[in-house]
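These notes are about the structure you will find just below.
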Amino acid sequence: MSEIASREAVAPPVPRRRPRRRDETWFYGPAAMLIFLLAWEAGVAISGIPELFLPRPSAIVVSLVTLFATKGLAYDTALTLWRIFGGFLLGSMIGIFLGVLMGTSRRIFATTDIFVAAIYPVPKISLVPLLVIWLGTGDLFLIVLAALGCLFPVLVNTITGVKQCDPGLILAARDLGASRAQILRHVVIPAAVPAIFAGLRLALGISIILIVAAEMQTARYGLGAKLHLAGQILETGDVFAILLLLSLIGIVLTKVQSIADRFVGRWRAT
Amino acid sequence: MPAPFAAIAVTRLSHTFESRSGATTLALSDVSFEFPAGRVTSIVGPSGCGKSTLLLILRGLLAASEGEVRFLYGAERQPGPPPRMATVWQSFNLLPWRSVLDNVAFGLELGGMGRAEREARAQDAIRAVELGGFEKHFPGQLSGGMRQRVGLARGLVMQPEILFLDEPFGALDAQTRLYLQEQLSALVERSGRTVVLVTHSIEEAIFLGDLVMVMTARPGRVAATLEVGLPRPRGLDAQKTPRFGQLFEEIYGLLRDEVRKAMLERI
Ligand SMILES: Nc1ncnc2c1ncn2[C@@H]1O[C@H](COP(=O)(O)OP(=O)(O)O)[C@@H](O)[C@H]1O
Ligand SMILES: [Mg+2]
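These protein sequence lines map, in sequence, to chains A and B.
Going by my numbering, the residue at position 136 of the first sequence is 136; the numbering climbs one at a time, nothing skipped.
Going by my numbering, the residue at position 145 of the second sequence is 1145; the numbering climbs one at a time, nothing skipped.
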């Protein structure tokens, strides 16, 4: 027995975290960006395009710093982030909850699917007039709008994830004595996590779009509001500065999401 | 002291699957059988004859359309509640997001056992299947043979009085399979547990079994029951004995026509 055992069984445990090999193309992107910015800077300086039309990158950075230092942009940023995350969390939590219900109960699915089919395709930005009538133009309106936008992608992905759960895993859990609630908690929901995360990723993007767009239409504070204002008074430097800030926020959030993805899906890394 | 578990008695069991579209499949037909305690009963039959269905019904995970399963206790063979049971699956059915340790401890966790105790017990089970050192690994990082040993440990840690195995080595390569058969054989001999083993390998059915139940093509019925009668402990050389060859031929003779039937039906 031991002879065969040594062949099959006792490979030394592989280290859990292999040192990842540094990809030697990692600096291509940053280098390309740097060259692009330098060309922009030089192009504007040489051609004499007016600042009103296209400011230089260095001027945009100065505008951004000035906005933070003297015009209270930190408050607008905090406000916008709160609205984005408030809507995202509210909509996602409802989406996951309803998704688990709809994915596990055929009756609930049969009853509610028609509502999902009816509301999902409506562009959520078109709900602004109605929501303003009902909720005014405050934070509640913005958060509800973003929540509606986040709800459906999370809901639909959760339903798919829950339905795709391997029936063999459920049988195994039942064999080990799992109750219905335990099967849900320990098997069905964890199995749906990759799909739920895909939905959350979509939802966060949607929340950013909806909040900034609605702020441009209705709000007095917030990045969207400031962006709209800067455009109206032809402060092109401020417009670019706020766009730069939104881009940075997007980059950070995407990065955070992929770290969360990798952490939650670490069992898939072999 | 409660009377010891004596047998699983199956009477006139039939099962029909009904699909959503209304099509029905008669998977089992009128199966009566007794699985004696403390022995290994192998079930062989052509694929699709209802072996897995029978196992699920015995385990209580599927309600049979007709017939009954009773668990008998003591010399008087009094029916009683089901004893502790555990199942090992062909496709392993490990939770891929749980480590080996957490997979093996899963059943104990579901039963509400505290972390320290369940992990200690899981450790013992993991060592018993020679997987010490792999506790922190995820199933996706293990070979098929190692995954099935996790499956075995996950069942054994529940200290089942009856162990069900549904083609446990069917997904493994020949050498791994041979090795695990030996390991399982040794384990069964040590524990004296009641085992019900479904397999499509005649050799495996004989090598591991005390009894072999041969099933017909679908709808599955009992074609014959054979006493293996080979001495234990059995080593690989058991397969070279005349008794083994004789059993093999007998079972193959019973199965050949059934396999042909099952094959033709699928065309
Ligand atoms: N859940 C199910 N729904 C419908 N038909 C099923 C189901 N499970 C098994 N069957 C059918 O019942 C028959 C017996 O299946 P099974 O017990 O898995 O056979 P075996 O394990 O002997 O290969 C097969 O024809 C199979 O297609
Ligand atoms: Mg089967």
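Each residue gets a CB set at the ideal place from its N, CA and C atoms; glycine is no exception.
Keep in mind that this is a model prediction, so the values were computed, not measured.
Give the residues whose C-beta lies closer than 5 Å to at least one heavy atom of ligand 1, in chain order. B/Phe1017, B/Thr1025, B/Ala1027, B/Ser1047, B/Gly1048, B/Cys1049, B/Gly1050, B/Lys1051, B/Ser1052 and B/Thr1053
Beta-carbon separation of A/Ile108 and A/Met102 under 8 Å? yes
Identify each residue in the region 160 to 174 of chain A for which the Cβ-Cβ distance to at least one residue of chain B is less than 8 Å, and report them in chain order. Asp166, Gly168, Leu169, Leu171, Ala172, Ala173 and Arg174
Cutoff 8 Å: B/Gly1269 Cβ touching any chain A Cβ: Any answer about residue 1269 of chain B is impossible in this case: the structure gives chain B only from 1001 up to 1267.
Report yes if the C-beta distance between B/Ala1262 and B/Ala1217 is below 8 Å; otherwise report no. yes
Would you list, in chain order, the members of the region 1078 to 1101 of chain B that have their beta-carbon closer than 7 Å to a beta-carbon of chain A? Ala1086, Thr1087, Trp1089, Ser1091, Asn1093, Leu1095, Pro1096 and Trp1097
For ligand 2, is there any heavy atom lying closer than 7 Å to the beta carbon of B/Leu1182? As written in the sequence, residue 1182 of chain B is Glu, which differs from the Leu given in the question. For ligand 2, not one heavy atom lies less than 7 Å from the Cβ of B/Glu1182.
Have a look at the DSSP bridge pairing and note the partners of B/Ser1014. B/Glu1066
Is A/Ile233 helix, strand or coil when you go by DSSP? coil
Tell me the rounded alpha-carbon separation between B/Arg1260 and B/Glu1249. 16 Å
For A/Ala146, tell me which candidate among A/Thr80, A/Ala173 and A/Pro50 has the shortest Cα-Cα distance. A/Thr80
Along chain B, in chain order, which residues have C-beta atoms closer than 8 Å to that of A/Trp40? Correct list: empty, because the minimum Cβ distance to chain B is about 46 Å.
Distance between B/Ser1143 and B/Val1214 (C-alpha atoms, nearest Å): 31 Å
Output yes if chain B places a C-beta closer than 8 Å to the C-beta of A/Ala178; else output no. yes
With distances taken from CA atoms, which of B/Gly1111, B/Arg1154 and B/Ala1007 is nearest B/Arg1098? B/Arg1154
Check each residue of the region 1037 to 1065 of chain B: if its Cβ is closer than 7 Å to any Cβ of chain A, include it; give the result in chain order. Arg1059 and Leu1061
Figure out for me which residue from B/Leu1180, B/Gly1050 and B/Ser1021 has the closest Cα to the Cα of B/Leu1131. B/Leu1180
Let me make sure I understand the geometry here. Which of A/Leu234, A/Leu223, A/Gly149 and A/His228 has the alpha-carbon closest to that of A/Phe68? A/Leu223
Quick check for students: name the residue ranges of the alpha helix (DSSP H) that lie wholly in the region 1156 to 1201 of chain B, counting only runs of 4 or more. 1174 to 1191
On the criterion of 16 or more Cβ atoms from any shown chain inside 10 Å, does B/Ile1202 qualify as buried, or is it exposed? buried
Quick one: what's got a C-beta closer than 8 Å to A/Phe152's C-beta in the same chain, skipping five residues either side? Gly95, Val116, Ile119 and Tyr120
In DSSP terms, what A/Pro30 is bridged to: Looking at the DSSP assignment, A/Pro30 forms no beta bridge with any residue, so it has no partner.
Given 7 Å as the limit, tell me if B/Asp1166 has its C-beta closer than that to any heavy atom belonging to ligand 2. yes
Tell me the residue span of the beta strand (DSSP E) that contains B/Asp1210. Where B/Asp1210 is concerned, there is no enclosing beta strand (DSSP E), given that its DSSP letter is neither H nor E.
Between the CA atoms of B/Leu1230 and B/Ala1205 - distance to the nearest angstrom: 12 Å
Helix, strand or coil: how does DSSP classify B/Leu1226 here? strand
Excluding the 5 residues preceding and the 5 following A/Arg83 in the sequence, name in chain order all residues of the same chain whose CB lies nearer than 8 Å to its CB. Asp139, Leu142, Ile143, Ala146, Ile211, Glu215 and Gly222
Is B/Phe1005 buried or exposed, if buried means 16 or more other CB atoms sit within 10 Å of its CB? buried
Own chain residues within Cβ distance below 6 Å of B/Cys951, not counting five before or after: The structure shown does not extend to residue 951 of chain B, since chain B is modelled only from 1001 through 1267, so no value can be given for it.
Can you name, in chain order, every residue of its own chain whose Cβ lies under 7 Å from the Cβ of A/Val162, other than the five neighbours on each side? Gly99, Val100, Gly103, Thr104, Val188 and Ala192
Counting C-beta neighbours from all protein chains within 10 Å, is the total for B/Leu1184 16 or more, i.e. buried, or is it exposed? buried
For A/Val187, decide whether its Cβ has a neighbour in chain B, counting only Cβ atoms nearer than 8 Å. yes
Cβ of B/Leu1247 less than 8 Å from any chain A Cβ? no
Give the residues of chain D in contact with B/Phe1005, contact being defined as C-beta atoms less than 7 Å apart. You won't find chain D in this structure, because its protein chains are A and B.
A/Leu151: first and last residue of the uninterrupted alpha helix (DSSP H) it sits in: Asp139 to Lys163
Chain-ordered chain B contacts of A/Arg268 [CB-CB under 7 Å]: Gly1140
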